[in-house]
Structures are given as C-alpha cells and as structure tokens.
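Under the working numbering, the residues of the sequence shown are numbered 212 to 391, in order. Glycine included, C-beta positions come from ideal geometry on N, C-alpha and C. Because the structure is a prediction, the values reported are computed rather than measured.
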Amino acid sequence: MQLVNKAIALDLDGVIADIATPLFDIISSRGVPIEDIDLESWIISDTDNKNILEIFNTPLFWKNMKPYQDAWHQVNYWFALGYDIHVVTARRQPNAVAQTEPWLNDWNLNTRAPIFSKMGDKISYIKKIDPLFVIEDNPREIRVLQEAGVRCYLRAQSYNQKYWNKFDTIETLYDIDLET
C-alpha cells in the first residue's frame with residue numbers, strides 16, 4: 212500500500228489573508244497619491260519604508276485583517292477531507308508574528324501552527340513538509356520552490372500581475388480541485 216502525503220502549504224498574507232485592501236486603504240487615507248502606492252515592493256519584498264513598517268508594527272492592522280472568502284472555505288474544506296494545512300509565512304514584525312495564531316483561531320481556520328520564515332527561505336521549511344502543492348503570492352518564493360521541484364501556484368493579485376503568465380496562476384483557491 213502506497214502512503215500519500217496529504218499536506219498542503221499556503222502562504223498567509225495575499226493567499227489566505229487580504230493584506231492589500233487594508234494596506235491600500237490606510238496608505239491612501241494618509242494622502243499618499245495612488246501613483247506612489249507600491250504594493251509589490253511593500254508586500255512581496257523586505258521593505259524599509261518607514262510608513263509601511265509603522266503600519267506593519269500596529270497590532271490592530273493584523274488583527275482586523277480579513278480572510279479571503281474562498282480561502283476560508285477551501286482551507287476548512289481541505290482540512291475536513293483530511294489534509295494537513297501548513298501556513299508558512301514571512302511575517303517578521305513582532306506584532307505581526309504575535310497576531311498570527313490568534314487571527315487564525317479567531318477566524319476558525321483549521322491549520323497547523325504557523326511557521327515563520329525569512330523571505331526567500333521558505334524552501335527550507337516547505338521541503339520538510341513535502342506538500343502536494345504550495346500556494347504563494349510572491350513570485351520570488353515560487354521561483355525558488357519550483358527550482359527545488361515543488362509544485363506551486365501563484366495566487367493572482369494586483370501587485371503580482373506581471374508574473375501571471377510566468378507561473379501556474381489561480382484567481383481563487385476554488386481553482387484547485389483535489390481528488391478525494
């Protein structure tokens with residue numbers, strides 16, 4: 212009898228949690244012109260922007276973030292089917308890290324304890340999990356994972372649009388059909 216690994220690895224921000232909407236709302240409410248809003252560099256790179264880091268160090272920013280509806284449904288559906296759902300996130304600010312597990316619990320997302328990684332180093336954790344696939348919004352992470360032979364999907368976001376044709380891209384988690 213062949214054992215099948217029933218693990219799935221998901222990024223948190225941009226895959227399960229909608230980080231772009233509240234970040235855009237806060238920045239634009241502070242009077243930053245739309246053309247100066249750079250979600251790509253703020254979300255999928257190690258930003259040194261003081262204003263963004265201030266927001267990222269605010270506990271309520273993380274606590275008030277909402278999950279994408281499709282992600283909430285699919286995470287819990289996959290869990291109900293017996294899959295281990297691993298969250299591997301590059302959250303690094305102390306308040307972001309502190310809010311992560313309570314946020315997952317508050318939203319009743321059935322996942323294993325979150326794994327915190329430096330940006331660009333998720334591969335070291337994901338290789339140990341050996342998931343069926345990974346869903347990520349950061350094209351740089353996907354490139355590293357794919358080079359290691361990991362099956363990945365890019366979750367389409369406004370800030371990663373220029374990569375949609377370079378990777379297997381999904382608009383929602385409903386786009387992935389697991390055979391039961």
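#### Entry: Neighbour-count burial assignment, Asp247, 16 or more Cβ in a 10 Å radius
exposed
### Query
Does the beta-carbon of Thr232 have 16 or more other beta-carbons within 10 angstroms, so that it is buried, or is it exposed?
exposed
### Query
Could you give the distance in angstroms between the alpha-carbon of Trp289 and the alpha-carbon of Asp388?
One Cα belongs to Trp289, the other to Asp388, and the distance between them is close to 10 Å.
### Query
So what's Ile219 in DSSP terms, helix, strand or just coil?
strand
### C-alpha distance - Arg354 paired with Asn275, whole-angstrom precision
31 Å
### Exposure label - Ile337; buried when at least 16 CB within 10 Å
Using a 10 angstroms sphere on the CB of Ile337, the tally of other CB atoms reaches 16 or more, which defines it as buried.
#### Entry: Nonlocal neighbours in the same chain, by C-beta distance under 6 Å from Met212, ignoring five residues either side
For Met212, the predicted model reports a pLDDT of 44, less than 50, meaning its position is unreliable and no value from the coordinates is stated.
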